[in-house]
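For the sequence shown, my numbering begins at 399 and goes up steadily by one.
From the three backbone atoms N, C-alpha and C, an ideal C-beta is built for every residue, glycine too.
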Amino acid sequence: MKIAFFDTHGFEKEVFCKINEKFDFDIDFLEIRLTAKTAFLAKNADVICSFVNDKIDSECIEILSRLGVKLIALRSAGYNHVDISTAAQNKIVVARVPAYSPHAVAEFAVGLLLTLNRKIHRSHSRVRELNFSLDGLVGFDLFGKTIGIVGTGRIGQVMCHIMKGFGCRVLAYDIKVDTDLEKDGVVTYTDLETLVKESDIISLHVPLTPSTHHLLDRARIEQMKDGVFIINTGRGALLDSKALLFGLKSGKIGAAGLDVYEEEEGVFFHDLSNKVLQDDTLARFLTFPNVLVTSHQAFLTQEALAHIAQTTLESIKEFQLEGSVSQSKTVSSI
Ligand code: NAD
399 MKIAFFDTHG
409 FEKEVFCKIN
419 EKFDFDIDFL
429 EIRLTAKTAF
439 LAKNADVICS
449 FVNDKIDSEC
459 IEILSRLGVK
469 LIALRSAGYN
479 HVDISTAAQN
489 KIVVARVPAY
499 SPHAVAEFAV
509 GLLLTLNRKI
519 HRSHSRVREL
529 NFSLDGLVGF
539 DLFGKTIGIV
549 GTGRIGQVMC
559 HIMKGFGCRV
569 LAYDIKVDTD
579 LEKDGVVTYT
589 DLETLVKESD
599 IISLHVPLTP
609 STHHLLDRAR
619 IEQMKDGVFI
629 INTGRGALLD
639 SKALLFGLKS
649 GKIGAAGLDV
659 YEEEEGVFFH
669 DLSNKVLQDD
679 TLARFLTFPN
689 VLVTSHQAFL
699 TQEALAHIAQ
709 TTLESIKEFQ
719 LEGSVSQSKT
729 VSSI
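Written as structure tokens, this is what we have:
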């Protein structure tokens, strides 16, 4: 099996090469992102391996299909960057890594929250300048605060348990109520409006779909408590960036931790330190003392990388032997 591995990053190549010693696939590591313009590089490949910022739209899929590609193996859980119905029409199977480490993402979300609340990012830069004063560094106890978890799937559930451990009141919103989570007293499910109105902190863990696009928009932000903290490790477009900017400037939003950003494509994962940032909204976010932007790194632990590589190569092996990938890892069947 020949695999065209698009958007390769140094942090994953080593792990894939090591795990591939067992599988022995012929992998062509390409640094370029997969788009309709670069899809021609998949010629002679049976499988495409793709990361979150590739753009696998209908045009790209038609080209891949003409080149004979039969499987798109995503190195991610999210699949909002793939036109699933065009893939199905072209009989291309789309496999993903449904759960690689929910702990990695949830723990990172908590890291963003603690850093912002206790202003650790600010004290770190202060002491390096030999400024040991504490003025302006006052935070609040998480104990007793209300956190709203939007999405109680794999990652959201881990987040609920961690926040329960801090002594928070945990409110949850999901289209599917997890009765065990509620029965165990970990969360109280509610509707989105109540969650938004009552939470001191809101953390997003739903996938990006047409129904979750701009789930938190200006109207929702206006319903929130003054000084609310918003943590987004889900997908950028769950949160309307312009509305967030408005909320931050007006002081409605107390802090925002953003591991994802709706226009992150072409920016996140790249070293642009010698370039001029063209995105004015992102540039503005970077000026706020109460905003922490990270470059889509919540998943980035050794455990998660190993799991992504193992599951992806196993899916490709399954496809090679059986011509299909098990339903739990196939996107078109969800
Ligand atoms: P999951 O599928 O286990 O859980 C998603 C939950 O969202 C489910 O319980 C589902 O019922 C709920 N949901 C779906 N649509 C909804 C809607 N319209 N309203 C309310 N609830 C809805 O997914 P997961 O593994 O927990 O991952 C969640 C998301 O986190 C992924 O889709 C991905 O976008 C993102 N993610 C980000 C990173 C990162 O590095 N920042 C890493 C992995 C995943």
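Just to confirm my understanding: we take residue i, look at its own chain, exclude 5 residues before and 5 after, and list those with CB closer than 6 Å. What are they?
| i | result |
| --- | --- |
| THR586 | LEU569 |
| MET561 | ILE545 and VAL568 |
| ASP426 | ALA402 |
| ILE619 | ALA641 and GLY645 |
| THR692 | ASP657 |
| PHE666 | SER693 and HIS694 |
Nearest to residue i by alpha carbon, out of the options?
| i | options | result |
| --- | --- | --- |
| ASP598 | VAL575, LEU511 and PRO608 | LEU511 |
| ASN478 | LEU469, ASP452, ILE461 and ALA486 | ASP452 |
| GLU660 | HIS668, PHE644 and ASP677 | ASP677 |
| GLU366 | GLN487, VAL450, ASP444 and HIS559 | Any property of residue 366 remains undetermined from this structure, which presents the chain solely from 399 to 732. |
| THR607 | ALA497, ARG633, THR588 and ILE651 | ARG633 |
| LYS727 | HIS694, GLU429 and VAL491 | VAL491 |
| ALA504 | SER722, THR699, GLN708 and PHE538 | THR699 |
| HIS603 | VAL548, ASP669 and HIS519 | VAL548 |
| ALA653 | LEU643, HIS668, PHE667 and VAL626 | VAL626 |
| PHE414 | GLU701, GLU716, GLY721 and VAL729 | GLU701 |
| VAL480 | PRO500, GLU457 and GLN725 | GLU457 |
| ALA704 | PHE438, ALA502 and LEU636 | ALA502 |
| ALA437 | ASP455, LEU540 and LEU711 | ASP455 |
| THR710 | ASP576, LEU690 and ILE446 | ILE446 |
Just verifying my parser: in three-state terms, what is the DSSP assignment at residue i?
| i | result |
| --- | --- |
| THR362 | Residue 362 lies beyond the stretch modelled for the chain, which goes from 399 to 732, so this question has no answer here. |
| ARG431 | coil |
| ASP476 | Position check: residue 476 holds Gly in this sequence, whereas Asp was assumed. If DSSP states are grouped into helix, strand and coil, GLY476 belongs with coil. |
| LEU532 | coil |
| VAL525 | helix |
| VAL723 | coil |
| THR484 | helix |
| GLY542 | coil |
| THR513 | helix |
| GLY408 | helix |
| ALA497 | coil |
So, at 8 Å on beta carbons, what are the nonlocal neighbours of residue i in its own chain, with the 5 sequence-adjacent residues on each side left out?
| i | result |
| --- | --- |
| GLY542 | GLY565, CYS566 and ARG567 |
| ILE732 | Residue placement at ILE732 cannot be trusted, given a pLDDT of 42 that sits under 50; what the coordinates show is reported in the next sentence. The answer is none, since no qualifying residue turns up. |
Name the one or two DSSP bridge partners that residue i has.
| i | result |
| --- | --- |
| PHE403 | PHE427 and CYS447 |
| ILE470 | ILE446 and VAL492 |
| VAL689 | ALA654 |
| THR699 | Looking at the DSSP assignment, THR699 forms no beta bridge with any residue, so it has no partner. |
| ILE454 | VAL480 |
| ILE547 | ALA570 and SER601 |
Quick one: residues in its chain with C-beta nearer than 7 Å to the C-beta of residue i, no 5 flanking neighbours on either side, listed in chain order?
| i | result |
| --- | --- |
| ASN442 | LYS400 |
| SER474 | PHE449, VAL450, ARG494 and VAL495 |
| LYS517 | LEU535 and GLY537 |
| LEU675 | ALA681 |
| VAL723 | VAL491, ALA493, SER713, GLU716 and PHE717 |
| Enumerated in chain order, which unbroken segments of the alpha helix (DSSP H) with a length of 4 residues or greater are wholly contained in the stretch 623 to 673? | 639 to 648
| field | Unbroken stretches of the alpha helix (DSSP H), 4 residues or longer, contained in the stretch 551 to 616 | value | 552 to 563, 577 to 581 and 590 to 596
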